[in-house]
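Structure record follows, encoded as structure tokens.
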Amino acid sequence: MASPPHSVEVRTPGDSPRPTAALLSPSVAAPQPSNASRLLLLLTAAVAAATAFVLLRPPITVVTAASATARPLSKLSKPVVLLISSDGFRFGYQYKAPLPHIRRLFANGTSAAEGLIPVFPTLTFPNHYSIVTGLYPSSHGIINNYFPDPISGDYFTMKNHDPKWWLGEPLWATAAAQGVLSATFFWPGSEVTKGSWNCPDKYCRHYNGSVPFEERVDTILGYFDLPPNQMPQFMTLYFEDPDHQGHQVGPDDPSITDAVVHIDEMLGRLIAGLEARGMFEDVNIILVGDHGMVGTCDRKLVFLEELAPWIELKSDWVLSVTPLLAIRPPDGVSPAEVVAKMNEGLGSGKVKNGEYLKMYLKEELPTRLHYSESYRIPPIIGLVGEGYKIEMKRSKRNECGGAHGYDNAFFSMRTIFAAHGPRFQGGRTVPSFENAEIYNVMASILNLKPAPNNGSASFPGTILLPNK
Numbered sequence: 001m002a003s004p005p006h007s008v009e010v011r012t013p014g015d016s017p018r019p020t021a022a023l024l025s026p027s028v029a030a031p032q033p034s035n036a037s038r039l040l041l042l043l044t045a046a047v048a049a050a051t052a053f054v055l056l057r058p059p060i061t062v063v064t065a066a067s068a069t070a071r072p073l074s075k076l077s078k079p080v081v082l083l084i085s086s087d088g089f090r091f092g093y094q095y096k097a098p099l100p101h102i103r104r105l106f107a108n109g110t111s112a113a114e115g116l117i118p119v120f121p122t123l124t125f126p127n128h129y130s131i132v133t134g135l136y137p138s139s140h141g142i143i144n145n146y147f148p149d150p151i152s153g154d155y156f157t158m159k160n161h162d163p164k165w166w167l168g169e170p171l172w173a174t175a176a177a178q179g180v181l182s183a184t185f186f187w188p189g190s191e192v193t194k195g196s197w198n199c200p201d202k203y204c205r206h207y208n209g210s211v212p213f214e215e216r217v218d219t220i221l222g223y224f225d226l227p228p229n230q231m232p233q234f235m236t237l238y239f240e241d242p243d244h245q246g247h248q249v250g251p252d253d254p255s256i257t258d259a260v261v262h263i264d265e266m267l268g269r270l271i272a273g274l275e276a277r278g279m280f281e282d283v284n285i286i287l288v289g290d291h292g293m294v295g296t297c298d299r300k301l302v303f304l305e306e307l308a309p310w311i312e313l314k315s316d317w318v319l320s321v322t323p324l325l326a327i328r329p330p331d332g333v334s335p336a337e338v339v340a341k342m343n344e345g346l347g348s349g350k351v352k353n354g355e356y357l358k359m360y361l362k363e364e365l366p367t368r369l370h371y372s373e374s375y376r377i378p379p380i381i382g383l384v385g386e387g388y389k390i391e392m393k394r395s396k397r398n399e400c401g402g403a404h405g406y407d408n409a410f411f412s413m414r415t416i417f418a419a420h421g422p423r424f425q426g427g428r429t430v431p432s433f434e435n436a437e438i439y440n441v442m443a444s445i446l447n448l449k450p451a452p453n454n455g456s457a458s459f460p461g462t463i464l465l466p467n468k
């Protein structure tokens with residue numbers, strides 16, 4: 001059976017970059033009168049966290065690039081983009097330790113002043129695929145890390161490489177269609193056959209989390225030793241840390257600093273290898289994370305069983321629990337009625353922490369989330385407060401850690417963007433932006449015609465140095 005279409009909001013060259021200040025603006029997430037108090041608590045917490053961070057971080061100097069142009073290549077004959085992801089690298093981690101190599105990219109390149117804004121939901125697979133397609137999850141189809149297809153009944157997991165799940169066109173497929181070589185070292189979606197891209201053995205590594213970070217870096221460096229006609233122009237490199245540690249201990253534990261220092265050492269290894277080849281200044285390196293991290297403790301819990309006086313939620317209705325609550329009731333059960341009864345209970349004062357969870361019909365979610373168009377998205381979505389978790393039943397566990405997946409308006413969900421190379425001006429900061437814009441930036445550097453996407457076609461001109 002053919003899948004229903006997913007919409008793609010194509011931005012035109014005249015579009016201005018999508019405003020991002022609105023993500024923390026009360027007017028965007030204006031609650032209905034009956035829910036004003038609970039959402040005011042969430043908004044106040046988000047603004048307070050952002051304010052505290054601004055007071056603590058080093059000052060930002062914005063440098064304009066009006067009169068600068070791209071630097072000429074000295075060793076390479078073609079533009080090269082190396083996209084690097086450090087999973088779960090929350091914005092602000094770069095200040096936890098000296099981190100000389102990461103700081104070098106920031107100081108001598110272009111960075112997002114207040115961090116990179118992930119797409120919603122702020123989860124690993126949806127965000128990594130948005131970065132390389134320029135599409136929101138509702139358009140590229142990867143709406144969660146795990147989810148069922150309501151029509152076929154098939155279930156998506158992070159090990160699934162069937163093209164039917166992965167919509168849109170990732171940059172390696174765009175490049176392959178236009179005769180440009182790519183190489184991927186662990187990037188969600190890279191093992192999927194798309195158009196002219198079939199994950200060739202020479203240029204595509206199948207995911208294996210046990211591969212040492214050093215081997216990953218050295219493999220990328222090896223591509224720079226190939227003859228010019230065999231050297232990829234687009235490459236990806238992926239590190240699982242510090243996401244792994246963040247989930248275990250939260251964002252403030254010393255082990256996070258250790259993990260970030262190790263990532264910095266890997267960047268140092270990469271930079272040293274490129275410098276030894278005389279190529280560092282020729283390569284456009286883009287360092288990003290996919291999302292941030294927030295501390296969680298079991299005392300910040302909402303138990304769905306406490307809604308029993310209003311509605312009994314069956315476990316098979318609930319497709320994901322925390323922090324993104326997604327519910328698909330069976331045929332014959334009105335989603336609108338489920339939402340109404342849940343919100344009545346949550347607002348009654350009789351459900352512990354109920355004021356920190358709000359239920360929506362997906363079409364009534366804030367439009368800034370771009371999370372309503374896909375048929376794969378369940379009809380009922382719950383947004384929970386920053387750092388809160390949801391469980392079906394009350395438990396006696398008392399453990400703390402970290403999580404992501406929350407509303408991308410929360411500052412804790414932001415990650416880093418630092419870019420260095422001939423198309424990026426040194427010492428420049430730009431306003432924060434959504435990661436769906438990066439696809440067009442990379443396509444522009446590589447002189448590729450981008451596939452239809454949700455990013456602004458004019459955005460590359462706001463962040464890249466023009467060619468001479």
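Be aware that the sequence shown starts at 1, since it is given in full-length UniProt numbering, and climbs by one per residue.
Each residue gets a CB set at the ideal place from its N, CA and C atoms; glycine is no exception.
Nearest neighbour of Y439 by Cα position, chosen from N108, N453, A112 and T429, turns out to be N453. Of the residues I286, G195, F280 and G278, the one whose Cα lies closest to the Cα of Q178 is G195. When rounded, the separation of the alpha-carbon atoms in Q245 and G278 is 35 Å. When the alpha-carbon of A403 is set against those of L446, R428 and M293, the nearest one is in M293.
V288 sits in a strand when the DSSP states are folded into three classes. Taking 8 Å as the cut-off, the Cβ atoms of I102 and D264 count as close. When secondary structure is reduced to three states using DSSP, K389 falls in the strand class.
Of the other Cβ atoms in all chains shown, fewer than 16 fall within 10 Å of the Cβ of Q230; this residue is therefore exposed.
DSSP lists F185 as the bridge partner or partners of R205. For the pair Y155 and G405, the Cα-to-Cα distance works out to about 20 Å.
Contact annotation, N353 with Y388: C-beta distance approximately 6 Å; criterion of less than 8 Å satisfied.
Judged by DSSP secondary structure, G401 falls within the beta strand (DSSP E) whose first and last residues are C400 to A403. Taking C-beta atoms under 8 Å as the contact rule, S372 and K362 qualify, at a distance of about 5 Å. I142 and P460 have their C-alpha atoms roughly 25 Å apart. Nearest C-alpha to L307 among M392, N435, T184 and D225: M392. Checking the DSSP bridge columns, you'll see E434 partnered with I117. By the beta-carbon neighbour count (other beta carbons within 10 angstroms, threshold 16), P137 is buried. For S320, the secondary structure class from DSSP, reduced to helix, strand or coil, is strand. Per DSSP, L123 lies in no alpha helix (DSSP H) segment and is marked neither H nor E.
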